[in-house]
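Trainee: Submitted below is the structure of interest, expressed as structure tokens.
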Amino acid sequence: MKDRPNLRYRIHPGLRYDPIEPGRIEISIPLGTKRLRVSSKIGSLLEQIKSEAVLTGAMIAQRLGPSVFEAMVKYHFLFPEESSTALEGGLCIPVPEPAGQSISVFDLDELQADDAVLLHAPILTTTGGEISVAGGGQHVRSQLVQCFKHPLGTAGKGVLLDLDFGTRLEPEHLRLFDLGDVIYRPSMDSATDVGERLTYVCRNIVERDACPIILGGDHAQAFYSISALGERYPRLGVLQFDAHPDLYAMGAPCDLQLNHANVMHWVRRMPHVVSIWQVGIRDYFYQPTENLQLEVDPKLYILSAFEAETAGYERLFRNMDRSLPWFISFDVDVLFGTEVPQTATPVLGGLNFYPLLACFERLLSEFRIVGMEFVEIGDASQGAHGTAAVAARLLSRYLFHLSKAMVADRCIYSPFHQSEK
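All residue numbers for the sequence shown refer to my numbering, where the first residue is 1477 and numbers rise by one.
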């Protein structure tokens, strides 16, 4: 977060001081990727500050000096007092093959408006199912990497072509940055820890008017990603593509525990969320009524899978509030034909690809989309028509729009013809 002088800060409990030469030390934290070399005097001052009550940023800056204070905050050696202890475990780790340019959480201040920032959050709130969806988002990243890679595996020049839409994008105009994976330590971290790290990172992204693209993880992720947008977007619309409403309630204690089946109860109660459109809903089930209240939520609108597939998406476009910024939360089980292991909770029916792609194209052309997430993707390997491939394709259109791709209709690239001997 941007440092504020009146904010109170605490020192990372795992801060290390390693001597490197007389009068100089190197400061680091567990799972951090940055090391800071300072005078031993700074180390002594930090130990003094650590032993005292939590101090304001202005007081710490006065002792350390403004430049050292700013570096300490930037590299997370100092945390705002109210920050979750989950942040002490680190935030994101880079991946070997990033989609776009790799970026560190420490360099988010370099982002520009409309930059796309990709990250994977392995959130899983329920276990014991037939498959896991914690790491499925990595398959979407892999699809993007393959699409953006030179076919000969070299670093030669090229362009990105979209033959469906007749557009061309110069790679240098593609401002896609990959933060890697949100840290998850299986023996130590809960889904809440991962979620709070995600919230912190997303808040930093949108603070700079950049656009987060989060790959899940299960749909409970939406609580953390959407809550992160509240400060930057005090009036936000949420566009949920899903086979399920994720508004399930049993009239039992489990209703009080956030999970992928009830996350939209949490989202609809967020003050900054003023409109929710649920698209592709088609589940049918037995609803308990004991210990529950029946209510009508004026924020909530539904375009069922039946209506979308038989009458189209026109009612959605006609009634969405065009004055709002919109965040897309996309559960891949909304798609037609998805089965285990492509997702964990398939439902008969679903949205077909090309009408859905056309829907996305109108959304991206006519509305302000400030970020999106794709969730509930199975960890198993995926084929050319799998959920990861569809997510990557929809995401590619977002990237082409953000990067303002050019029309390339009827343009072809042909080899040079050698003159006949």
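Even glycine gets a Cβ: it sits at the ideal position worked out from N, Cα and C.
This structure is a prediction, so every number in the text was calculated from the model and none was measured.
Roughly how many whole angstroms lie between the Cα atoms of Phe1582 and Lys1510?
Mentor: Rounded to whole angstroms, Phe1582 to Lys1510 spans 8 Å at the Cα level.
Trainee: Report the option in Glu1646, Pro1747 and Gln1733 whose CA atom is closest to the CA atom of Ala1704.
Mentor: Cα-wise, what sits closest to Ala1704 is Pro1747.
Trainee: List the endpoints of the continuous alpha helix (DSSP H) containing Met1535.
Mentor: Counting along the chain, the alpha helix (DSSP H) containing Met1535 begins and ends at Gly1533 to Leu1540.
Trainee: Tell me whether the beta-carbon of Leu1691 lies closer than 7 Å to the beta-carbon of Trp1753.
Mentor: Not closer than 7 Å, so no.
Trainee: Quick check on Cys1887: does DSSP put it in helix, strand or coil?
Mentor: Note: Cys1887 maps to coil in three-state DSSP.
Trainee: Which ranges does the beta strand (DSSP E) cover as unbroken runs of at least 3 residues, wholly within the stretch 1486-1532, from first to last along the chain?
Mentor: Segments of the beta strand (DSSP E) lying fully in the stretch 1486-1532: 1492-1497, 1500-1504 and 1512-1515.
Trainee: Return helix, strand or coil for Gly1906, following the three-state DSSP convention.
Mentor: Outside the displayed span of the chain (1477 to 1897) sits residue 1906, for which this structure offers no information.
Trainee: Look at the Cβ atom of Pro1764, then the Cβ atom of Gly1713, and state whether they are nearer than 7 Å.
Mentor: Not in contact: Pro1764 and Gly1713 (Cβ atoms no closer than 7 Å).
Trainee: Please state if the CB of Ala1597 and the CB of Val1682 are separated by a distance shorter than 7 Å.
Mentor: Not a contact, by the Cβ cut-off of 7 Å.
Trainee: Excluding the 5 residues flanking Val1514 on each side, which residues of the same chain have their C-beta closer than 7 Å to its C-beta?
Mentor: Once the five neighbours on either side are set aside, the close Cβ partners of Val1514 are Ile1501, Ile1503 and Val1544.
Trainee: What does a CB cutoff of less than 6 Å around Leu1620 pick up in its chain, not counting 5 residues either side in sequence?
Mentor: Here the set comprises Ala1575 and Ala1868.
Trainee: If we call anything under 7 Å between Cβ atoms a contact, is Phe1803 one with Trp1742?
Mentor: For Phe1803 and Trp1742, no; Cβs fall outside 7 Å.
Trainee: Taking the Cβ atom as the reference point for each residue, do His1695 and Asp1585 lie within a distance shorter than 7 Å?
Mentor: Going by C-beta atoms, His1695 is not nearer than 7 Å to Asp1585.
Trainee: Mind reading off the beta-carbon distance from His1720 to Thr1602? Whole number of angstroms is fine, and I expect it under 8 Å.
Mentor: Contact doesn't hold; Cβ gap of about 13 Å is too wide.
Trainee: Say the cut is 6 Å; is the CB of Val1743 nearer than that to a heavy atom of the ligand ADP?
Mentor: As for the ligand ADP, it is missing from this structure, which has no ligand bound.
Trainee: Whose C-alpha, out of Phe1829, Lys1775 and Ala1864, is nearest the C-alpha of Val1816?
Mentor: Residue Ala1864 is the option with its Cα nearest to Val1816.
Trainee: Based on the DSSP output, what are the partners of Asp1657 in its beta bridges?
Mentor: The partner list for Asp1657 (beta bridge, DSSP) reads Ile1569 and His1596.
Trainee: Consult DSSP for Val1866 and reduce its assignment to one of helix, strand or coil.
Mentor: Three-state result, Val1866: helix.
Trainee: On the three-state DSSP scale, how would you describe Lys1897?
Mentor: Residue placement at Lys1897 is poorly supported in this model, since its pLDDT is 48, which falls under 50; the coordinates are not used for a value here.
Trainee: Threshold first: 3 residues or longer. Then list the beta strand (DSSP E) segments lying entirely within the stretch 1784-1828, N to C.
Mentor: Whole beta strand (DSSP E) segments, 3+ residues: 1801-1807.
Trainee: Measuring alpha carbon to alpha carbon, tell me which residue in Ile1505, Ser1857, Gly1499 and Val1530 is nearest Ser1520.
Mentor: It is Gly1499 whose Cα lies nearest to the Cα of Ser1520.
Trainee: Nearest to Val1772 by CA position, among Arg1744, Ala1589, Ala1881 and Glu1837, is which residue?
Mentor: The option with the nearest alpha carbon to Val1772 is Arg1744.
Trainee: Quick one: give me the first and last residue of the beta strand (DSSP E) that Val1463 is part of.
Mentor: No answer is possible for residue 1463: it lies beyond the span of the chain, which begins at 1477 and ends at 1897.
Trainee: Would Glu1751 be called buried (16 or more neighbouring beta carbons within 10 Å of its own) or exposed?
Mentor: In the sequence as displayed, the identity of residue 1751 is Ser instead of Glu. Buried, by the Cβ-count rule.
Trainee: Between the C-alpha atoms of Leu1650 and Asn1828, what's the straight-line distance to the nearest angstrom?
Mentor: Near 28 Å, if we compare the C-alpha coordinates of Asn1828 and Leu1650.
Trainee: With a threshold of 8 Å, are at least 3 pairs of Cβ atoms found where one atom belongs to the stretch 1818-1828 and the other to the stretch 1780-1794?
Mentor: Yes: the two stretches touch, three or more of their Cβ pairs being nearer than 8 Å.
Trainee: Which one or two residues does DSSP pair with Gly1713 in a beta bridge?
Mentor: According to DSSP, which records beta bridges pairwise, Gly1713 is partnered with Ser1751 and Trp1802.
Trainee: Opposite Ile1555 in the DSSP bridges: which residues?
Mentor: Per the sequence presented here, residue 1555 reads as Phe, with Ile not at that position. BP columns for Phe1555 point to Arg1486.
Trainee: Per DSSP, Ile1689 is paired with what?
Mentor: According to DSSP, Ile1689 bridges with Leu1594 and Met1848.
Trainee: Could you give the DSSP three-state label for Asp1583: helix, strand or coil?
Mentor: Asp1583: helix per DSSP, three-state reduction.
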